[in-house]
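In my numbering, the protein residues as written are -13 to 769.
Every residue gets a Cβ at the ideal spot worked out from N, C-alpha and C, and that includes glycine.
Have a look at the structure below, then the notes.
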DNA sequence: TTAGGTTTGG
């Protein structure tokens, strides 16, 4: 009798789902071949090559020797056998070592006896360091469940003897197929950047399903249907731009296009697609291979994706929702309730306030799960999202307090019969079009970390003060003033009186902010020279990049290295076009200081390198060398980087002085390296970051445009920080939403109090009167 | 098996 055993779990062609590691599939009598899946091809021992994809290949031979089951140092089970190709006994190379790892090793050790016929598919070929001897192969095969190997054993005894030599275990090597080389009917390993995905949802069959569309630098797309009964074994994709590695995905042709589908042994790793983020795989596998080479692949894909994939997406904060649109929300679940059979209520918040009144889904208090006190505290910040149909089951299973990303929420403007003002409704409609669904984010997710930090910073008492400015009862409560001023003694003047008066004068006014410019708040940040009074745009990073490239073409001058006041270090990069970098560390008392106290000057650095250095050192000054001195770069580039801020000098008003002037600051008892002081020493007229905005103010009598020219006082946010700080941008947006809530009629806008002054600007023909807001600060309970 | 990307009802 011939018995055929198939060791499985991850055999790619196995049709059975039983998770038993060893399964008796068939007992065949008098038959010499197992009906192997048609896509498998037999590989001759003589033709083995390292680095090829053997996912669809098998080798067959007789077990001539087996060793006792042992454990490797890391606890992995290890079983080694020698297999001889019985069809080619006269061949020079007819034996090979097969190293079996993990659960498969344990299972094989129980079953395999010498003389049995052994078939393995999905192995890895590893070259041995020593030369071959006596018919032994100079490769060995590595086999494991993780590698997707499958083993077939014929238990019919045959006998041969063979010697064997020790072999060295080498980490397995995978081969990855680019998306433009996929062939129907194969099982491959691949990398890709997520272009589209549906978070896992419960399919109509027995499994979870997740749809993932990948692209890679071949610019070919591949849509994969991934199924698994275990949610954890589907890739943990959180956003478009994430990078995935799939092992053992089956390729099929569907509607004239290649399609990926899970097959036995499918495994995935997911990586954050952000350049510079740690390359840490998200996986449920206990065991996975991940080495320097893989790290490099991920980093390369990140760079490719950065310029080839739009990851702008539709992520929005509640403060930024627009009616009649769809958006993705990262939020925390604070309440949930069953509404009816086909819909379920989720109450969530993200710390920001929706500028529109939002609907409240009526549910009975007893049906609402969540912390009552918190729900009350958050009653004006949390929003109700009604999820339908296929999303209900998943929504029900969510735990209060968990962090979610809800994809493609529909914002619907609606007005009930008994309300004059329309409100916003949030629906997660049934189905999964456009990736509609709910994803559970782990606490380790960087977006969750950021959100948690933000939620903790939200003062719930303050947000209750905003109650008067929000949703339900708009008209009655909007008599309130939301801006504080310094000059409480002045009484308010009507706008008509102001526009009819001559300039210059100062007034206290009470008005509504009908609109403001720019609507994109980051565009309000400019650079101002207090000497020549000029305003300019903040240069973008490309401009800086170009200047850096230009200056890197000249090598640092070694004669300028290591002077009395700085120490220098130089090195060359490994890139194709070698680049020399010099860093000059400014000393204090002839000593180097801690990096966080040190000012450095750098020659030949890239944008990224300089940015990294600013994280570590107190100040960074990009320089280049001339024949006899170091000097600043073109003043279109920042002359100084400190913390998150790039400091610029005025081209008109600056007269750069020798870098050596910095040594006088370095000699101070405790050098503070203040930008103003550095600028002065270097002859730079420091440009100040300012907010420039135009406010259109109205009262019952007239309307006027007043300019806001503000460094920090009005918003209590430094203009210099806003471009690099998301929290502050968020805070500023919320402030503007409070002062000028979008989507409201004039009558529904809040009243503001502020100070304005009028002034004359001489035109060619006549004087023009302008107005500027001054000495005004947004009240703390608004911010 | 399930889905096979392309939104809108409650």
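Residue burial classification, residue i (beta-carbon count within 10 angstroms, cutoff 16)
i: residue 249; result: buried
i: residue 602; result: exposed
i: residue 550; result: exposed
i: residue 653; result: exposed
i: residue 752; result: exposed
i: residue 381; result: buried
i: residue 326; result: exposed
i: residue 557; result: exposed
i: residue 754; result: exposed
i: residue 171; result: exposed
i: residue 185; result: buried
i: residue 242; result: exposed
i: residue 488; result: exposed
i: residue 205; result: exposed
i: residue 362; result: exposed
i: residue 486; result: exposed
i: residue 128; result: buried
i: residue 400; result: exposed
i: residue 509; result: exposed
i: residue 676; result: buried
Terminal residues of the beta strand (DSSP E) in which residue i lies
i: residue 491; result: 491 to 503
i: residue 753; result: 753 to 760
i: residue 426; result: 423 to 427
i: residue 516; result: Careful: residue 516 lies outside any beta strand (DSSP E) and carries neither H nor E.
i: residue 47; result: 43 to 52
i: residue 679; result: 674 to 684
i: residue 325; result: 312 to 326
i: residue 410; result: 409 to 414
i: residue 605; result: 605 to 611
i: residue 435; result: Unbroken run through residue 435 is the alpha helix (DSSP H), 432 to 443; no beta strand (DSSP E).
i: residue 742; result: 737 to 748
Opening and closing residue of the alpha helix (DSSP H) in which residue i lies
i: residue 107; result: Note, residue 107: premise wrong, no alpha helix (DSSP H); beta strand (DSSP E) at 103 to 107.
i: residue 661; result: 661 to 667
i: residue 527; result: 527 to 538
i: residue 100; result: Taken as a continuous stretch (DSSP letters only), residue 100 belongs to no alpha helix (DSSP H), as it is neither H nor E.
i: residue 383; result: 376 to 383
i: residue 133; result: No alpha helix (DSSP H) contains residue 133, which DSSP labels as neither H nor E.
i: residue 70; result: No alpha helix (DSSP H) contains residue 70, which is instead part of the beta strand (DSSP E) from 63 to 70.
i: residue 551; result: First-last for residue 551: undefined, no H or E at that position.
i: residue 292; result: 278 to 294
i: residue 651; result: 648 to 652
Alpha carbon of residue i to alpha carbon of residue j, nearest angstrom
i: residue 51; j: residue 98; result: 10 Å
i: residue 565; j: residue 545; result: 18 Å
i: residue 730; j: residue 666; result: 49 Å
i: residue 345; j: residue 335; result: 14 Å
i: residue 722; j: residue 505; result: 9 Å
i: residue 264; j: residue 764; result: 39 Å
i: residue 148; j: residue 137; result: For residue 148, the pLDDT reaches just 33, beneath the cut-off of 50, and the residue's location in the model is therefore unreliable, although a value from the coordinates is still provided. Roughly 21 Å separates the two Cα atoms.
i: residue 160; j: residue 109; result: 10 Å
i: residue 697; j: residue 705; result: 6 Å
i: residue 231; j: residue 61; result: 26 Å
i: residue 319; j: residue 368; result: 9 Å
i: residue 683; j: residue 726; result: 10 Å
i: residue 35; j: residue 372; result: 57 Å
i: residue 420; j: residue 507; result: 29 Å
i: residue 561; j: residue 594; result: 15 Å
i: residue 188; j: residue 397; result: 24 Å
i: residue 215; j: residue 28; result: 32 Å
i: residue 478; j: residue 631; result: 39 Å
Integer-rounded CB distance, given that residue j should sit under 8 Å from residue i
i: residue 227; j: residue 297; result: 4 Å
i: residue 673; j: residue 635; result: 6 Å
i: residue 661; j: residue 618; result: Going by Cβ atoms, the distance from residue 661 to residue 618 rounds to 14 Å, so no, they are not a contact pair.
i: residue 139; j: residue 183; result: Actually they do not touch by this definition, with Cβ atoms about 40 Å apart.
i: residue 495; j: residue 481; result: 6 Å
i: residue 173; j: residue 235; result: 7 Å
Any non-hydrogen atom of the ligand HEM closer than 7 Å to residue i Cβ
i: residue 179; result: With respect to small molecules bound, the structure shown includes none, and the ligand HEM cannot be examined in it.
Quick one: which unbroken beta strand (DSSP E) runs of 3-plus residues sit fully inside the segment 192 to 272? Chain order, please.
194 to 201, 207 to 214, 229 to 240, 243 to 257
Residue ranges of each beta strand (DSSP E) within the segment 680 to 724, 3 or longer:
689 to 696
What runs of the alpha helix (DSSP H), each 4 residues or longer, lie entirely inside the segment 554 to 639?
593 to 602
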